[in-house]
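In my numbering, the protein residues as written are 27 to 389.
Note that the Cβ used here is the ideal one computed from N, Cα and C, for glycine as well.
Since the structure is predicted, the reported quantities are computational estimates derived from the model, not experimental observations.
One structure is given below, encoded as structure tokens.
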């Protein structure tokens, strides 16, 4: 028996698939693997059976009966365990396919960029021209070391490109959650003091508490020192502090790192809600394909040679962007008939061969 805890952490999509394939190949009649995984697409790909663990974080956990992988993940998303006759979530998690047909809710452009060139040491990044619209969430996909963070830092104004420019349309404020957040531990103050210090809103107001503080379960951390927080706790504080800024554009670099499945869906829903309610826009760098499918209207696909050169394409529709990205990775995705969640086809399966033969990598 092999026990593997969160094998996809820190890995990009292609690396996650390689690990998933290796795990599947290791299984035999006398070899069993138990895997803990928060990326549902990868969990779905590698598993035969799943157990759902539910309860109260920090207090107790209950392990469900085993289920087939499709049935188990669908039960988790629906929030109801039929065999136990138990509801584990108030509402189901649903995938809105109408979002994929709506490239962006508004024609109003918040920010645009010309063709950009950036050099960092020996690494060179080229970015094709693009723009972001009010209400739009742009997902950013690509391998590690390809320039995704560099591009986001250019948008944030932290890096000046050698060629080209970024143009804000009017008075546009930007709020940025960086990829690496350990610097937050340098604040030797409580979580409550830190959030009060950085927030543009009254964090005690009922709206902010219900929209940001409670969903991220931050109140129970208020008396903790920033220097004492774990990776997941620190990530939630970083996300909250980014959302507590009044801005037209929000930049999130790998916001799902260190978070469990429930927290990932919570953050994804919060980003979408903030863009809708504040009529703002967001860029989200993320390797979790289900989260990108759940949150994004548009996709920027990065290609190139990691650590050497990168090319960022212009934003395109979610379906087109996913199709291009998945073709490069070499996998196909179908939709679950019941929940509409994306499911990775097993390599060489009938559906995988059919979709590849028709050039449909994202169904």
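- If you check the CB distance, residue 59 and residue 30 come in under 8 Å.
- Secondary structure of residue 157 (DSSP, three-state): strand.
- In this structure, 323 is the residue among 339, 356, 331 and 323 with its C-alpha nearest to the C-alpha of residue 160.
- Apart from the 5 residues on each side of it in sequence, residue 306 sits with its Cβ closer than 7 Å to the Cβ of 273, 274, 275, 276 and 300 in its chain, given in chain order.
- In the three-state reduction of the DSSP assignment, residue 72 falls in the helix class, which pools H, G and I.
- Here the region 225-238 does not lie against the region 311-325, with fewer than 3 beta-carbon pairs under 8 Å apart.
- Bridge pairing for residue 348: absent [DSSP].
- If you check the CB distance, residue 121 and residue 365 come in under 8 Å.
- With the rule of 3 Cβ pairs closer than 8 Å, the region 183-199 does not count as touching the region 329-346.
- Residue 95 places its beta carbon 8 Å or farther from that of residue 297.
- When the alpha-carbon of residue 189 is set against those of 213, 154 and 166, the nearest one is in 154.
- Shown here, residue 108 sits in coil according to DSSP, grouped into three states, outside any helix or strand.
- Of the other Cβ atoms in all chains shown, 16 or more fall within 10 Å of the Cβ of residue 173; this residue is therefore buried.
- In the three-state scheme derived from DSSP, where H, G and I count as helix and E and B as strand, residue 343 is classed as strand.
- No residue range can be given for residue 121, since it is assigned to no alpha helix (DSSP H) and is classified by DSSP as neither H nor E.
- Scanning its chain for C-beta atoms nearer than 7 Å, with the 5 sequence neighbours on each side dropped, one finds around residue 339 the residues 154, 326 and 327, in chain order.
- Look at residue 389 here: in three-state DSSP terms it is coil, with no helix or strand label.
- Judged by DSSP in its simplified three-state form, residue 380 adopts helix.
- Under the three-state reduction of DSSP output, residue 284 falls in the coil class, being neither helix nor strand.
- Residue environment for residue 244: buried (at least 16 other C-beta atoms within 10 angstroms of its C-beta).
- Less than 8 Å divides the Cβ of residue 119 from the Cβ of residue 291.
- Following the DSSP letters along the chain, one finds residue 369 inside the beta strand (DSSP E) bounded by residues 368-370.
- For residue 91, the secondary structure class from DSSP, reduced to helix, strand or coil, is coil.
- A residue is called buried once 16 or more other Cβ atoms fall within 10 Å of its Cβ, and residue 63 is buried on that count.
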